[in-house]
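In the working numbering, the protein residues as written are 528 to 743.
Where a beta carbon is used, it is the ideal one built from N, C-alpha and C, also for glycine.
Small disclaimer: the values here were computed from a predicted structure and weren't measured.
Below: the structure, in C-alpha cells.
Spelled out as C-alpha cells, the structure:
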C-alpha cells in the first residue's frame, strides 16, 4: 500500500529550519501537488520522503512502515528532477538500465523493463541516442521512463515542467496523470498555477509547513 504519512517531521540544517513539524497524510493512489515560494521547504519535504535527506525529528511512513532508516532504493519510490539528471556519456537505453544493472537484475529483465517503459513514454526511437541529441521534452520523458523501470508505487517529481515550454509541459503533466490513473501515488512540486489546478489536491507549503490544503 503506497500511502504516505509525515508525522511531526522536522528537517534542520544547523540553525536553519527547512521543514518544521510537518504533518501530512497522502492516500494510496492519490495525485497531490505541492506548491509554495522558493525556499519554503517543499523540495526538502519530498527529498525526506525519497530518503535523499535524513530527517531531524519525527517519522515518515510508507503504508504502515516507518522508513526513516530505510535506504532510498528500498522505499519503492522513484523521483524525477527538473534538471533531468541524465548521464551525458550514456545512451538513453543505458541511462534507463543503469540502476537496474547496479541492482544486478537479469539482462533479459532489464531489456524488457527498458523497452516497456520506453513504449509507455513513446521514446522507443530514442534509445540509441545520447541526451545531448534530445529536446528538453524528450529528456524529461527519458527521466520519467528511467523512473518507471523500477515499477515504483510512488512517483515524486520536483518541478518536472520547469525547463519546458508550456505545450511540452502540458504533455509531461498528462503523462503523470496517466501514471496516476494506472494506479501510482503521484506527488509533484510545481510553481505553475495552471498545472497545479489540474490536480485533485493542492497543498500550499510556507515556512516548512502546510499553509493550505485544498481538495478539488
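- [ ] State the start and end residues of the unbroken alpha helix (DSSP H) segment that holds residue 622.
- [x] Counting from 1 along the chain shown, the entry for residue 622 is found at position 95. Residues 619 to 629.
Task: Backbone secondary structure at residue 816 - three-state DSSP - done: The question about residue 816 has no answer here: the residues shown for the chain are numbered 528 through 743.
Task: DSSP three-state assignment for residue 546, whether helix, strand or coil - done: Taking the first residue of the chain shown as 1, we reach residue 546 at position 19. Note: residue 546 maps to strand in three-state DSSP.
Open item on the list: For the stretch 729 to 742 against the stretch 697 to 705, do three or more pairs of beta-carbon atoms, one drawn from each stretch, fall closer than 8 Å, so that the two count as touching?
Closed with: no
Open item on the list: Please classify residue 586 as buried or exposed, where buried requires at least 16 neighbouring CB atoms within 10 angstroms.
Closed with: Working through the chain shown from its first residue, we reach residue 586 at position 59. Exposed, because fewer than 16 other Cβ atoms sit within 10 Å of the Cβ of residue 586.
TODO: Could you tell me how far apart the beta carbons of residue 605 and residue 677 are, in whole angstroms, since I believe they sit closer than 8 Å?
DONE: One-based indexing of the chain shown puts residue 605 at position 78. One-based indexing of the chain shown puts residue 677 at position 150. Between residue 677 and residue 605 the Cβ distance is about 6 Å, and since that is below 8 Å, they are a contact.
TODO: Enumerate in chain order the residues of its own chain whose CB-to-CB distance from residue 571 is below 8 Å, with the five nearest sequence positions on each side excluded.
DONE: Position 44 of the chain shown holds residue 571. So the list reads 538, 545, 546, 580 and 735, once near-sequence residues are dropped.
- [ ] Quick one: grab the DSSP three-state call for residue 740.
- [x] Against the chain shown, residue 740 aligns to sequence position 213. Strand at residue 740.
- [ ] Figure out for me which residue from 529, 715, 611 and 543 has the closest Cα to the Cα of residue 664.
- [x] Within the chain shown, residue 664 is the residue found at index 137, counting from 1. Taking only the C-alpha atoms, the option nearest residue 664 is 611.
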